[in-house]
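Have a look at the structure below, then the notes.
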Amino acid sequence: MRLIADIAWTHVASRLRQTLVGLLGVAMGVGFSVMMAALMEGSQRDFVTQLVDSLPHITMSDERRNPPRQPAEDAYDAVAFEGLRTPETRPGIKNPYAIVSELESWLAGAVAPSVQSRAVIRYAGRDTAATVTGVDPKRERLVSKLATQIRGGNLDSLYRSSNAIILGDKLAAKIGARVGNTIALTSGRGDTLSCTVVAMFHSGLSQADETQAYTLIKTAQILAGQTGLINAMRIRVTDIMGAMDVANRIEAQTGYKSVSWQEANEDLLSAFQIRNFIMYAVVGAILLVASFGTYNIISTITHEKTRDIAILKSLGFTETTVRRIFLLEALIIGLAGTIVGWMLGYVLCRLLGLIEFKSPFMDATTLPLYYSPAHYLLAAAVALTASAIAGYLPARKAARQHPVEIIRGAS
Amino acid sequence: MREAETAPLIALAAVTKEIGDGVMTTLVRDIDLDVRKGEFIAITGPSGSGKSSLLYLLGLLDVPTSGEVRIEGRRVDALSEGERAHLRLSLLGFVFQFHFLLPEFTALGNVLLPMRALGRLDEPAMETRARSLLESLGLAEHAHKKPGQMSGGQRQRVAIARALANEPQVILADEPTGNLDSHSSEQVLGIFRRLVDETGRAIVMVTHDMDLAARADRQVRIVDGRIV
């Protein structure tokens with residue numbers, strides 16, 4: 001084995017310049033792969049964090065996923081019902097505060113009851129539909145980032161006047177309302193309520209900023225025309241990734257539909273999966289291109305060393321041994337390239353991290369980068385595999401050469 | 412055991428070698444040849460007569476189209492490439508017209524190659540043996556030179572040292588003096604003579620030089636692939 005390494009090393013060392021070119025090819029591939037992976041995963045994580053932070057992790061509502069069990073099922077062993085629907089009226093969560101204290105007894109996180117209702121907001125002759133959420137400021141600041149997103153006031157401003165309301169900044173801009181203006185809310189049943197705008201919020205998610213408004217629970221209950229109504233629980237968990245399991249448990253316990261952020265953004269997460277697939281395909285392609293360089297070098301070396309191969313084989317080196325020599329050369333180039341590539345990738349990431357820019361879509365001022373050993377290991381695995389294949393093909397060809405033909409040709 | 416003692420080191424029986432696909436060219440035809448311990452055989456013949464091909468068949472570098480090749484009584488022509496390689500490594504030594512040393516390795520490194528490939532000795536023992544081999548061929552002070560820094564005669568002697576590395580029973584030489592001046596040729600032939608007389612090895616040498624051939628114990632003349 002030492003012998004194989006010695007011969008492989010002399011070959012690689014005697015072709016230093018070509019070896020360096022091949023090594024740089026692999027290094028570029030690995031470096032750019034690492035950089036791309038850091039960028040892709042960084043932006044993905046950044047996006048998820050924004051998404052997850054601005055909305056509650058789990059929303060439990062007074063809806064049910066399945067129609068209630070029919071008495072006929074119990075009484076007559078009915079096999080199936082057709083045309084059943086879940087109840088359409090929203091009766092609110094029964095005994096909400098008992099559920100809150102029950103959830104708080106085991107949940108790692110916080111629970112905030114709220115009232116969801118819809119209304120048309122009218123100001124100065126312009127109107128727009130909005131979702132009005134009644135919140136309890138003291139609890140709300142525990143379950144969402146709303147408190148930190150308020151501009152021109154704070155969450156406690158809701159206590160300042162009798163019908164206080166906080167509008168999304170884009171919603172306010174749409175109807176031209178400012179802090180201090182009085183706007184009219186019309187509920188679906190036709191009741192109208194006058195509210196004073198006490199603050200704005202900006203979450204960074206256009207959907208929320210354009211359609212959301214927050215009031216106190218009491219105000220939203222009046223708007224909905226149902227006193228004591230609580231129709232949604234906003235829940236924040238400490239373990240974000242475990243939100244789905246928690247949601248399932250809540251649903252099993254209470255029977256109310258509980259939607260985790262993963263379920264609510266399923267389409268987005270599957271879009272991320274596609275994005276990741278594309279990323280890995282591109283990374284693979286980069287490394288494939290790099291491996292052509294390795295193939296080229298090993299081919300050249302085997303071609304140049306045809307005579308040496310014949311000698312080694314005539315001495316009694318087996319095909320396997322000869323093949324291993326050139327395979328090892330490819331792996332030396334691959335490995336050295338990988339290590340240089342790691343450094344290159346890290347430096348590229350650092351440099352990218354220095355770039356500051358303003359995006360109209362994101363609030364970040366620097367590129368979100370995520371450093372993970374997995375990126376480095378993945379790039380190394382692909383690079384080494386590609387190098388091994390790139391080396392194996394010419395190595396196999398070289399090892400199969402018949403020594404007699406070469407010796408005959410030389411003499 | 413008795414058979415191994417009496418059997419020739421290498422025996423060819425009715426060996427024929429053809430190459431080409433479609434139009435076949437016969438390199439050697441129906442050859443019977445025994446190589447015994449302590450024999451110095453010269454294979455002579457005009458260019459293209461098939462003498463080198465015969466040597467490659469003796470050296471297991473090539474397999475015959477038909478006929479049998481036996482080494483110490485054991486049939487070897489049907490062995491796998493790997494098994495034949497191992498036999499070459501442990502039983503046979505080659506010397507070619509061109510020295511065929513690896514240019515990146517020193518004289519010592521080149522002599523060590525077959526030993527390291529066989530792995531019968533440990534590193535210090537290999538080095539001792541390689542040095543003594545070089546010394547016995549008058550190359551002690553050239554051990555750390557690379558082939559490019561040596562003369563043709565020196566290189567050929569390094570090649571002989573390499574051929575002797577694993578203490579082979581048979582040395583197969585293909586025009587070993589073809590590229591050497593008369594002085595170096597004389598040296599090489601002297602070494603061969605000594606190997607046969609002192610260590611009882613067998614040597615098979617291909618040459619077209621009748622003067623050289625005359626100094627072998629036995630001459631085998633090949634014309635058009637047949638022994639005449």
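These protein sequences, in sequence, are chains A and B. Heads up: the first sequence begins at 1 in the working numbering, then just goes up one per residue. Heads up: the second sequence begins at 412 in the working numbering, then just goes up one per residue. Backbone N, C-alpha and C define an ideal beta-carbon position, used for all residues, glycine too. These numbers were taken from a predicted model, which means no experiment stands behind them.
With fewer than 16 other CB atoms across the displayed protein chains lying within 10 angstroms of its CB, A551 of chain B is exposed.
Near chain A, meaning a CB-to-CB distance below 7 Å, no residue of the segment 429 to 462 of chain B qualifies.
For V404 of chain A, the C-beta contacts it makes with chain B under 7 Å involve Y467, L472 and D473, in order along the chain. By the Cβ criterion, the segment 501 to 511 of chain B is not in contact with the segment 328 to 347 of chain A, since fewer than three pairs of Cβ atoms, one from each stretch, lie closer than 8 Å. Neighbours of G563 of chain B in chain A, taken as residues whose beta carbon is under 8 Å from its own, are absent, since the nearest beta carbon is some 14 Å off. Minimum Cα-Cα distance from S270 of chain A among the listed residues A:V48, A:A336 and A:V34 corresponds to A:V48. Taking 8 Å as the threshold, the shortest C-beta distance from E538 of chain B to chain A does not fall below it. Between A130 of chain A and A213 of chain A, the C-beta gap is smaller than 8 Å, which places the two residues in contact.
Take the alpha-carbon of E546 of chain B and the one of V474 of chain B: they are about 36 Å apart. Within 10 angstroms of the beta-carbon of P68 of chain A lie fewer than 16 other beta-carbons, which makes it exposed. Between the C-alpha atoms of G459 of chain B and I430 of chain B there is a straight-line separation of about 14 Å. In the three-state scheme derived from DSSP, where H, G and I count as helix and E and B as strand, P535 of chain B is classed as helix. For T196 of chain A, the beta-bridge partners assigned by DSSP are A:A164 and A:T182.
Annotation: the continuous alpha helix (DSSP H) that includes E73 of chain A extends over P71 to Y76.
If you check the CB distance, A330 of chain A and S387 of chain A come in under 8 Å.
F511 of chain B carries a coil assignment under DSSP once its states are collapsed to helix, strand and coil.
Closest by C-alpha distance to Q207 of chain A, out of A:M200, A:N181 and A:L171, is A:L171.
Boundaries of the beta strand (DSSP E) harbouring R629 of chain B: R629 to V634, taken from the DSSP string.
Across the structure, R65 of chain A and Y256 of chain A are spaced so that their CA atoms are roughly 8 Å apart. Contact with chain A is found for F516 of chain B, since one of that chain's Cβ atoms lies less than 8 Å from the residue's Cβ. The continuous beta strand (DSSP E) containing M616 of chain B extends over residues A613 to V617.
Per the coordinates, the alpha-carbon of A422 of chain B lies some 24 Å from the alpha-carbon of M621 of chain B. DSSP, read as helix, strand or coil, puts E609 of chain B in helix. In the structure shown, V246 of chain A falls within a helical segment according to DSSP collapsed to helix, strand and coil. Annotated three-state conformation of M40 of chain A is helix, per DSSP.
In the three-state DSSP reduction, Q212 of chain A falls in the strand class (E or B). DSSP places V599 of chain B in the helix class (H, G or I) of the three-state scheme. For G134 of chain A, the enclosing beta strand (DSSP E) begins and ends at R126 to V135.
Between the C-alpha atoms of G83 of chain A and D62 of chain A there is a straight-line separation of about 21 Å. Under the criterion of beta carbons closer than 8 Å, R612 of chain B and V631 of chain B do not qualify as touching, at roughly 18 Å.
Listed along chain B are E492, G493 and A496, each with a C-beta nearer than 9 Å to that of E319 of chain A. Annotation: I298 of chain A has no Cβ neighbours in chain B at a cutoff of 7 Å; minimum Cβ distance is about 17 Å. No Cβ of chain B is located within less than 8 Å of the beta carbon of G337 of chain A.
A direct Cα-Cα distance of roughly 51 Å separates S157 of chain A from F81 of chain A.
Proximity of G316 of chain A to chain B, defined by a Cβ-Cβ separation below 8 Å, is satisfied. Per DSSP, reduced to three states, the secondary structure at K462 of chain B is helical.
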